[in-house]
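Written below as structure tokens is the structure these notes are about.
Number of protein chains: 2
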Amino acid sequence: MPQPELPEPAHAEVDSMLSRKFGREVANYFAGSPLNRLSFLRTDHPFLSAALKHPSTSFLLFNNMSPLAKDPTQLEYVKLEDVKPLIGEDPYSKSEKQIIEEYNSTITIPQLLFLGLDESKISGFEHDIYHGAPYFAIDVTPKGTIKLKAEKLIEIIKSRGLQFVEGRMHMSLPAPQAAIYAQARALLDWNARNPFCAGCGQPTLSINAGTKRTCPPTDMASITEKGAIDSTIVGEPAKDRPDCVTRKGISNLSFPRTDPTVIMAVLSADSERVLLGRQKRWPPLWYSTLAGFVEPAESVEEAVRREVWEESGVKLGRVVIHSTQPWPYPANLMIGAIGQCIPGGEEIHLKHDPELDDAKWVSMAEVKEALEVGTSGLGEDAGPDYKEGGLRLPPRTAIANRLLTAVTGGFLEEHSHAPKM
Amino acid sequence: MPQPELPEPAHAEVDSMLSRKFGREVANYFAGSPLNRLSFLRTDHPFLSAALKHPSTSFLLFNNMSPLAKDPTQLEYVKLEDVKPLIGEDPYSKSEKQIIEEYNSTITIPQLLFLGLDESKISGFEHDIYHGAPYFAIDVTPKGTIKLKAEKLIEIIKSRGLQFVEGRMHMSLPAPQAAIYAQARALLDWNARNPFCAGCGQPTLSINAGTKRTCPPTDMASITEKGAIDSTIVGEPAKDRPDCVTRKGISNLSFPRTDPTVIMAVLSADSERVLLGRQKRWPPLWYSTLAGFVEPAESVEEAVRREVWEESGVKLGRVVIHSTQPWPYPANLMIGAIGQCIPGGEEIHLKHDPELDDAKWVSMAEVKEALEVGTSGLGEDAGPDYKEGGLRLPPRTAIANRLLTAVTGGFLEEHSHAPKM
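In the order they appear, the protein sequences are chains U and V. Counted from 1, the first sequence has number 315 at position 315 by the UniProt record's numbering; the numbering is strictly sequential. Counted from 1, the second sequence has number 254 at position 254 by the UniProt record's numbering; the numbering is strictly sequential.
Here's what the structure looks like:
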């Protein structure tokens, strides 16, 4: 299978002082979106309504978090006419304020998400000074009161020979499509994963074009014995719900969650070897960089040193951040770093946090060779030049690969030259 | 008021290749914790129990997220005997499994948090190969079934002339204390803010020494009409609770949330000016760097370019990450970056996202002078050399100050030399 392309770094060609001093920016897979998110227009329902109805608009559908696609290398978008039976004529005809006032916890509203405008499409939609082809995503997973409509929609879509592709097919998408997929998946997953308010336990409502969940102060449904919920009695006024702290001021509970993680290529004190680790569930010979979640109240640099020590016993000094990668499974921000051992800090000890099956020091030459002949997706075959028994490493679309490529080649050299005059 | 010290970067003195090529690591305020978190021992109740009871152990108390302190420059810790009336003889005498099995949603368990061991304290606690003085934090906010006990404890503490200091006093703490405070505050706040499961709406239970919340499968309390909760009937078996998706495999909902944010010093294409912005609620003449939340599925570099364009209209090319700062209000990870305009991208337009009161380009010389004479906490007076009408900037404890200091001086020079031989 051909290696999927990586995104072009934005404006990488610009000969700025930062580019001269730090070299070309590294753009990782799932970044490099062609869309302008126009985040400040997400409460503007006249804008959203007009964008939804424009002929240039595309809808990306997800069923159980699997995207609609032609095949594993190409997403498939549908048109408004296709999704009207599920979402109705115009979900943005009422203001956000009205929708909150009319909230009824017994009615399932299909999850719709505004992704942004592709400004490269000249013949697209125009609004004020903004233009481009609009993109939306919809979660068509059959559930609640939209179960039958969603099942019908999925049936029609499948009858056209299209499919909702499961697994990690998206690692084969062209870079701009992978970024659109990642944005849609991360936000639809966050909405589906958080139907209740963590502050008060009551059901919540999606607003801000799919990028916020609010805990409405009233409900048109009536709460009955054992927490079961009745359908609305027509004409009844909305009932007040118990107080919730998220209604007083701004709460992070209302906004999407992104979990920062660290992933790091680790050099020995003499810079001649690289630390690699393997997880218990990986196939034999498979190794990668170490990684872990950033904890509350630690810097990225501290998280890198903590994780490396906890997982391998190795003690790091200087840590440098290399590049970052959004990772939509479900909502990580991978912060890639390069760390170097303090002198004598190389001893491996796997018994602090027994998470790894193994960790070992590998020569630069061996890593370099594996990057050339031994990379692929987990469990897939390596290329034809791979020699049996050789080290296996992650593919180019993984930031681990980019970090290892950096320490065995480009990155350190790029950063060691004096600025061009 | 004297400027509080900044933390020393860990192992900054090590003359590694990364240090030679990238210079000294920047350590920001709230980072630089002296504690080893030993995250892998948080489920080990015999370890936690022994640590809790050791004579070298310190407890940091919070009331409504305000920490116990002698004065604004010094936290105050208490001993186990002081807190026993609230937390009991040994909250870790039972295993985590037992505690989950005995879960009763009508009983308030005081929120206890293991912070780590201060390994610099030689005479501390020893466990296996680990040693140091243990630190715990406790939320003593009066609430639920512990209201009276907590009020009594607070009364006794206050009678000793101690206080729970509100506001941002902690910006005056010595760096290691600030890091301990930040860790405790971030995690206690997360527990207090998330009493319910966002997946199913049921109340949750703190486990893993305060670093995880689980949605127990059973409850010793009985659920009655209208969702009100009765006290346990002695001898009754625990009742099954409705299914929850967080009980199937690992869910991020069970773990603390940290919100990645970007904050960036922005240079003009010719590197001669810096972009500054001011928020509407700030005092006159106050400016800082621009900042904003990272959105799902964007890289840090993309978030920097998006936020700068949305808030100021300015168009960035190359972005370089500088350093990071944990920010415990309530749970941010500030990722500091330096960005540079594309040629001609300097035009300011405040009408995309009208969040800022003003944004403007300021000469390097003016920023440099303000960093010398015009910094302080928000609303505080500047130093004696400040000239009326001059630019005001944030203090050294803010990463914004460190970023501006970097672009007007050290950082770019540090990174422009060839490596030492």
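In this text, a Cβ means the ideal position worked out from N, Cα and C, and glycines have one as well.
C-beta contact flag for residue i and residue j at 8 Å
i             : j         : result
Ala-31/V      : Ala-265/V : no
Gln-279/U     : Ser-206/U : no
Leu-61/U      : Val-165/U : no
Pro-217/U     : Arg-193/U : no
Leu-48/U      : Phe-125/U : no
Ile-250/U     : Met-334/U : no
Trp-190/V     : Pro-296/U : yes
Asp-118/U     : Ala-133/U : yes
Glu-347/V     : Gly-317/V : no
residue 430/V : Ala-406/V : One cannot answer for residue 430/V here, as it falls past the ends of chain V, which runs 1 to 421.
Ala-186/U     : Pro-85/U  : no
Pro-9/V       : Arg-24/V  : yes
residue 436/U : Tyr-103/U : The question about residue 436/U has no answer here: the residues shown for chain U are numbered 1 through 421.
Glu-380/V     : Ala-175/V : no
Ser-39/U      : Glu-310/V : yes
Glu-96/U      : Thr-57/U  : no
Pro-330/V     : Tyr-181/V : no
Val-294/V     : Thr-246/V : no
Thr-408/V     : Val-367/V : yes
Thr-289/U     : Leu-403/U : yes
Leu-52/V      : Asp-90/V  : yes
Residue-chain proximity (residue i, chain A), Cβ-Cβ < 8 Å
i       : result
Leu-6/V : Of the chains in the structure shown, none is chain A; the protein chains are U and V.
With 16 other Cβ atoms within 10 Å as the buried cut-off, status of residue i
i         : result
Arg-392/V : buried
Pro-55/U  : exposed
Gln-325/V : buried
Lys-21/U  : buried
Ile-87/U  : buried
His-349/V : exposed
Lys-147/V : exposed
Glu-225/V : Because Glu-225/V carries a pLDDT of 40, less than 50, the predicted location of this residue cannot be relied on, and no value is offered for it.
Gln-183/U : buried
Pro-237/U : exposed
Ser-363/V : exposed
Arg-281/V : exposed
Thr-204/U : buried
Arg-37/U  : buried
8 Å Cβ cut-off: residues of chain V touching residue i
i         : result
Pro-203/U : Gly-201
Ile-338/U : Leu-18
Leu-276/U : None at all; the shortest Cβ gap to chain V is about 18 Å.
Ser-172/U : Going along chain V, no residue has its Cβ under 8 Å from Ser-172/U, so there is no contact; the nearest lies around 18 Å.
Contacts of residue i in chain U (Cβ-Cβ under 9 Å)
i         : result
Trp-282/V : The contacting residues do not exist; Trp-282/V stays about 17 Å from chain U at best.
Arg-241/V : The contacting residues do not exist; Arg-241/V stays about 11 Å from chain U at best.
Cys-215/V : Within 9 Å Cβ-Cβ: nothing; Cys-215/V doesn't reach chain U, min ~11 Å.
Neighbouring residues, chain V, relative to residue i (Cβ below 7 Å)
i         : result
Gln-183/U : Pro-296, Ala-297
Ile-207/U : By Cβ distance, chain V contributes nothing, its closest Cβ being about 16 Å from Ile-207/U, past 7 Å.
Neighbour list for residue i in chain V, Cβ cutoff strictly below 9 Å
i         : result
Asp-259/U : Asn-252, Phe-255, Arg-257, Thr-258, Pro-260
Leu-187/U : Glu-295, Pro-296, Ala-297
Ala-331/U : Asn-252, Pro-296, Ala-297
Beta-carbon neighbours of residue i, restricted to chain U and to distances below 8 Å
i         : result
Val-319/V : Leu-18, Glu-25
Ser-39/V  : Glu-295, Arg-306, Glu-310, Asp-353
Ala-238/V : Residues of chain U passing the Cβ test: none, with the nearest at roughly 17 Å.
Ile-348/V : Neighbours of Ile-348/V on chain U: none; closest Cβ ~14 Å, over 8 Å.
Interface residues of chain U facing residue i [CB-CB closer than 7 Å]
i         : result
Pro-326/V : Ala-297, Glu-298, Ser-299
Pro-134/V : Residues of chain U passing the Cβ test: none, with the nearest at roughly 17 Å.
Exercise. Determine which residues of the stretch 16-31 of chain V have a Cβ less than 7 Å from any Cβ of chain U, and write them out in chain order.
Key: Ser-16, Met-17, Leu-18, Ser-19, Lys-21, Phe-22, Glu-25, Asn-28, Phe-30, Ala-31
Quiz item: What residue ranges within the stretch 60-117 of chain V form continuous alpha helix (DSSP H) runs of no fewer than 4 residues, ordered along the chain?
Solution: 80-87, 96-101
Quiz item: What residues in the stretch 370-404 of chain V bring their beta carbon closer than 9 Å to a beta carbon of chain U?
Solution: none
Self-check item: Near-chain U residues of the stretch 352-366 of chain V - C-beta to any C-beta below 7 Å
Solution: His-352, Asp-353
Self-check item: Residues within the stretch 46-60 of chain V neighbouring chain U, beta-carbon criterion of under 7 Å
Solution: none
Practice problem: Enumerate, from N- to C-terminal direction, the unbroken beta strand (DSSP E) stretches of 3 or more residues contained entirely within the stretch 362-400 of chain U. | Solution: none
Practice problem: Mind checking the stretch 107-128 of chain U against chain V and listing, in chain order, the residues whose C-beta falls within less than 8 Å of any C-beta there? | Solution: none
Self-check item: Length-filtered (3 minimum) beta strand (DSSP E) runs lying within the stretch 251-300 of chain U
Solution: 259-267, 273-279, 290-293
Quiz prompt | In chain order, each beta strand (DSSP E) run of at least 3 residues that lies wholly inside the stretch 170-249 of chain U | solution = 205-207, 212-214
Exercise. Residues of the stretch 76-98 of chain V with a CB closer than 9 Å to any CB of chain U: list them in chain order, please.
Key: none
Quiz prompt | Every unbroken beta strand (DSSP E) inside the stretch 128-158 of chain U [3 residues or more] | solution = 130-139
Self-check item: Cβ-based contacts, 7 Å cut-off: residues of the stretch 135-159 of chain V near chain U
Solution: none
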